[in-house]
Amino acid sequence: MPQASRYSDELVEKLLSELVHVLEKNQTPTDLSLMVLGNMVTNLINTSVAPAARPAIVRSFIEALQASIRDDKAH
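This is how it looks when you write it as structure tokens:
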């Protein structure tokens, strides 16, 4: 089940659209896209989250990712 966000849907969609545009512009294959996005997530956590809080953030991120994949009926 999706969680309520403090960010507007419009802002989330705008950022997502811009990221997708960069990947599409570079004709990035799926595996490379996932690698780059994973590296970005790792960098954000390591540079923006206090070390003590990282395990909880990672668990929350993993749970949200798993839930969004299970809920996706598109494929």
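Following numbering that gives the first Met the number 0, the residues of the sequence shown are numbered contiguously, the last one being 74.
The beta-carbon is built from N, C-alpha and C at its ideal position, and this holds for glycine as well.
Inter-residue Cα distance where the pair is residue i and residue j
i   : j   : result
R52 : I44 : Note that residue 52 is Ala in the sequence shown, not Arg. If I take the Cα positions, the gap works out to 9 Å.
M0  : V57 : At M0, the pLDDT of 42 sits below 50, so the modelled position is not reliable; the number obtained from the coordinates is stated separately. Distance between the alpha carbons of M0 and V57 is about 18 Å.
A66 : S4  : 15 Å
I68 : G37 : 16 Å
T41 : E17 : 20 Å
K24 : S47 : 28 Å
P28 : E62 : 25 Å
L14 : H20 : 10 Å
Where the alpha helix (DSSP H) through residue i begins and ends
i   : result
N42 : 29-47
S16 : 8-24
Nearest-angstrom beta carbon gap, residue j and residue i [assumed within contact, 8 Å]
i   : j   : result
S32 : L22 : 5 Å
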